[in-house]
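K.L.:
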Amino acid sequence: MTIKGKAYIAGIYEHPTRHAPDKSTAQLHAEVAKGALDDAGLTSKDVDGYFCAGDAPGGLWSMVDYLGLKPRHVDSTETGGCSYLIHLGHAAEAIAAGKCSIALVTLAGKPRTGPMPPRASGAEADFEAAYGATTHNAYGMCAMRHMHDYGTTSEQLAWIKVAASHHAQYNPHAMLRDVVTVEDVLNSPMISDPLHRMDCCVVTDGGGALIVTTPEIAKSLKKPLVRLIGHGEAMKGPRGGKDLDLTYSAGVWSGPRAFEEAGVRPSDIKYASIYDSFTITVLMQLEDIGFCKKGEGGKFVADGNLISGVGKLPFNTDGGGLCSNHPVNRGGMTKIIEAVRQLRGEAHPKVQVKNCDLAIAHGTGGLLGVRHAASTCILERA
Amino acid sequence: MAEAKKYPAPQGNPESQPFWDAAKQGKFLIKRCMACGEPHYFPRAICPFCFSDKTVWEESSGEGEIYTFSLMRKSATGPYAIGYVKLKEGPALQTNFVDCDMDKLRIGQKVKVVWKPTDGAPLPFFTPVG
């Protein structure tokens, strides 16, 4: 049993806004849903599967009612920023099993307009809440240990931001469009050692949506065909504190699962969308999913190796979370969307990868230095 | 130093209450599984390694070394050093490093537990030794 080739992404939409004080969160979900349905050439009446995560106000009850959907399959898997990568895999499973035929996945929210609601606390709360783990310092702790164990440098991390900025200059919707240098990153203020401000992604309002469907329906529509051929998901936490190692993520499990199902190798990939909450996130993920050996990520990302048209592995050609968009502090959705644009040949001509027939979208969710999930999707132009 | 930082009181629950009762007496407890022999932290009733319910409380030395840390500079209540300690007994745990020059922290440094008051049971933190 496999999902390989059983589901196609027929519609994508990334909200152009980066600041939406004049809209409600539910409204943003509806706008991205409409955008993805329009892109696919479908209507809300066609949707029979719905997927949303913790950013959806009121959860499935409210959203299904608000959007006026009549799904026969729903899934509200919540794993932070990689929820939507997992939704894509789960949608493919549901479609392969005949549980739905046109699935809608939505993400939207407004962290730039106002503070996000607190997360529900788990069994660890009394033992951790007082210590102030945040995204910045949880990823900072990973970077600090990675530098200690492997000699990774701030200059190497900075190259990831530099590459993203080279791509963002061509994206009219990107929040930050200025090309930056390694020195710019190193000279930006230290936020949580060893991460500088420019090692961190942007905070934006906005959202995105996907339409996932059967091969037959996708072929009846007008868009270039893009299908999912491999998917993996995994989770990692301190697990009682045994053998703690913050230099690797759950990507070491989700990546190989996806590649095995797809029957391809990292060296076959033409374009990579890698969730870039921070520069260290990208570096660790590239190692973990197999683009280079553990500890060699610093060398791999340096000298423009991630810049489209320059390096060996073009990444985040929309400018990614580091420069373009990071709606609701969750990067998984926009990773899928840019990978689909590349496979369709719809990326900006300055960053479009030639003959892009195989791409990866990968991300983590939660706090890399505490508890997190990872999910990997391998996509092919059909 | 901006000490006198206000920390939240642990809520406690039937599973963790012995830990907080011991904390009030300055004792730092971990759990050990009698079936597989593995220690763990934070404490659970069921061993996270073998799922046995034969877990018992054990007093930790409260000594260990810094596995990693990050000095959080962007904070409304002032900078703080979050990190993980690897205890002598094995388990690693999340904490803050306090009562020290935070700019001199380094991976591998020896640390020991110190208790900070709350409106309820005190909370464990770690500070460099020597």
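Just so you know, the protein sequences line up as chains Y and V, in that order.
For the first sequence, the numbering used here assigns the number 29 to the initial residue and increments by one for each residue that follows.
For the second sequence, the numbering used here assigns the number 1236 to the initial residue and increments by one for each residue that follows.
By construction, the Cβ of each residue, glycine as well, lies at the ideal position given by its N, Cα and C atoms.
Is the CB of V/Glu1367 under 9 Å away from at least one CB in chain Y?
P.N.:
What the structure shows of chain V is the stretch from 1236 to 1365, and residue 1367 of chain V is not part of that stretch, so it cannot be assessed.
K.L.:
Please list the terminal residues of the continuous beta strand (DSSP E) segment that includes Y/His404.
P.N.:
It is Thr, not His, that sits at residue 404 of chain Y in the sequence shown. From DSSP, the beta strand (DSSP E) with Y/Thr404 extends over 400–409.
K.L.:
Given that a residue counts as buried once 16 or more other Cβ atoms are within 10 Å of its Cβ, and exposed if not, what is V/Ile1281?
P.N.:
By the 10 Å Cβ count, V/Ile1281 comes out exposed.
K.L.:
Specify, as a first and last residue, the run of the beta strand (DSSP E) that V/Pro1363 falls within.
P.N.:
Counting along the chain, the beta strand (DSSP E) containing V/Pro1363 begins and ends at 1358–1363.
K.L.:
Strictly below 8 Å CB to CB, what residues from chain V border Y/Met169?
P.N.:
Chain V residues near Y/Met169: Thr1303, Phe1304, Ser1305, Ile1317, Gly1318, Tyr1319.
K.L.:
Consider the Cβ of V/Pro1245: report whether some Cβ of chain Y lies at a distance smaller than 9 Å.
P.N.:
Judged by the 9 Å Cβ criterion, V/Pro1245 is in contact with chain Y.
K.L.:
Kindly give me the distance between the Cβ atoms of Y/Cys110 and Y/Gly391, rounded to whole angstroms, as I take these residues to be in contact under 8 Å.
P.N.:
Going by Cβ atoms, the distance from Y/Cys110 to Y/Gly391 rounds to 4 Å, so yes, they are a contact pair.
K.L.:
Report the neighbours of Y/Ala158 on chain V: residues whose CB is nearer than 7 Å to its CB, in chain order.
P.N.:
Tyr1242, Pro1243, Leu1358, listed in chain order.
K.L.:
If you drop the 5 nearest sequence neighbours on each side, which residues of the same chain put their C-beta closer than 8 Å to that of V/Trp1350?
P.N.:
Correct list, in chain order: Ala1258, Gly1261, Pro1357, Leu1358, Pro1359, Phe1360.
K.L.:
In chain order, what residues of the same chain have a beta carbon less than 6 Å from the beta carbon of V/Phe1277, not counting five sequence neighbours either side?
P.N.:
Cβ within range, chain order: n/a, list empty.
K.L.:
Can you tell me which of Y/Ile40, Y/Pro85, Y/Cys128 puts its alpha carbon nearest to the alpha carbon of Y/Thr242?
P.N.:
With distances taken between Cα atoms, Y/Thr242 lies closest to Y/Cys128.
K.L.:
Excluding five sequence neighbours on each side, which residues of the same chain lie with their C-beta closer than 7 Å to the C-beta of Y/Gly69?
P.N.:
So the qualifying residues of the chain are Leu249, Lys250.
K.L.:
Taking only beta-carbon atoms, is V/Phe1263 less than 9 Å away from chain Y?
P.N.:
Taking Cβ atoms only, chain Y never reaches closer than 9 Å to V/Phe1263, which makes this a no.
K.L.:
Please state whether the Cβ-Cβ distance between V/Leu1328 and Y/Gly349 is less than 9 Å.
P.N.:
In this structure, Y/Gly349 does not lie closer than 9 Å to V/Leu1328 by Cβ.
K.L.:
Can you tell me whether V/Phe1254 is buried or exposed? The criterion is at least 16 other CB atoms within 10 Å of its CB, across all chains shown.
P.N.:
That one is buried.
K.L.:
Would you kindly report the start and end of the unbroken beta strand (DSSP E) that includes Y/Gly279?
P.N.:
Segment 279–290 is the alpha helix (DSSP H) holding Y/Gly279; no beta strand (DSSP E) there.
K.L.:
If the cut is a Cβ gap below 9 Å, which residues of chain Y does V/Pro1283 touch?
P.N.:
The contacting residues are Arg267, Gly268, Lys270.
K.L.:
Determine, using beta carbons only, whether V/Ala1237 comes closer than 9 Å to chain Y.
P.N.:
Because the pLDDT at V/Ala1237 is just 47, under 50, the model does not fix this residue reliably, and the value given afterwards should be weighed accordingly. With 9 Å as the cut-off, V/Ala1237 does not count as an interface residue toward chain Y.
K.L.:
Please determine, among V/Asp1336, V/Trp1292, V/Ile1317, V/Lys1339, the residue with the shortest C-alpha to C-alpha distance to V/Met1269.
P.N.:
Of the candidates V/Asp1336, V/Trp1292, V/Ile1317, V/Lys1339, the one whose C-alpha sits nearest the C-alpha of V/Met1269 is V/Trp1292.
K.L.:
Is it the case that the Cβ atoms of V/Tyr1315 and Y/Leu274 are separated by a distance below 9 Å?
P.N.:
No, they are not a contact pair.
K.L.:
When you compare each of Y/Arg358, Y/Thr141, Y/Thr134, Y/Ala158 to Y/Leu395 by their alpha carbons, which one comes out closest?
P.N.:
Taking only the C-alpha atoms, the option nearest Y/Leu395 is Y/Arg358.
K.L.:
Could you check which residue in V/Pro1352, V/Phe1263, V/Lys1345 has the C-alpha nearest to that of V/Val1364?
P.N.:
For V/Val1364, the nearest C-alpha among the options comes from V/Lys1345.
K.L.:
Mind checking whether Y/Ala58 and Y/Leu135 have CB atoms under 9 Å apart?
P.N.:
No.
K.L.:
Output, in sequence order along the chain, the residues in the stretch 287–312 of chain Y whose CB is closer than 8 Å to any CB in chain V.
P.N.:
Going along the stretch 287–312 of chain Y in chain order, one finds no residue with a Cβ nearer than 8 Å to chain V.
K.L.:
Using alpha carbons as the reference points, say which of Y/Gln370, Y/Asn383, Y/Gly397, Y/Val356 lies closest to Y/Pro146.
P.N.:
Closest by alpha carbon: Y/Val356.
K.L.:
Would V/Thr1312 be called buried (16 or more neighbouring beta carbons within 10 Å of its own) or exposed?
P.N.:
It counts as exposed.
K.L.:
When you compare the CB positions of Y/Val102 and Y/Leu88, do they come within less than 9 Å of one another, or not?
P.N.:
Contact flag set, yes.
K.L.:
At the 9 Å Cβ level, is V/Thr1362 part of the contact set with chain Y, yes or no?
P.N.:
Judged by the 9 Å Cβ criterion, V/Thr1362 is not in contact with chain Y.
K.L.:
With a threshold of 6 Å on Cβ separation, who are the neighbours of Y/Asp346 within its own chain once the five nearest residues in sequence on each side are excluded?
P.N.:
Excluding sequence neighbours, Y/Asp346 sits near Asn199, Ser352, Glu366.
K.L.:
Are the C-beta of V/Ala1270 and some C-beta of chain Y separated by less than 9 Å?
P.N.:
So, not an interface residue.
K.L.:
May I ask you to verify whether the stretch 188–196 of chain Y touches the stretch 205–218 of chain Y, counting CB pairs closer than 8 Å and requiring at least 3?
P.N.:
Short answer: they touch.
K.L.:
Evaluate contact between the stretch 136–145 of chain Y and the stretch 156–174 of chain Y, counting only Cβ atoms and requiring at least three cross-stretch pairs below 8 Å.
P.N.:
In short, these stretches do not touch, since the Cβ pair count stays below three.
K.L.:
Note down the Cα distance separating Y/Gly373 from Y/Ile406, rounded to an integer number of angstroms.
P.N.:
Computed Cα separation, rounded: 17 Å.
K.L.:
What number of angstroms, rounded off, separates the C-alpha of Y/Pro294 from the C-alpha of Y/Leu341?
P.N.:
So the two alpha carbons sit approximately 10 Å from each other.
K.L.:
Tell me the DSSP secondary structure of V/Thr1330 in three-state form.
P.N.:
In this structure, V/Thr1330 counts as strand in the three-state DSSP scheme.
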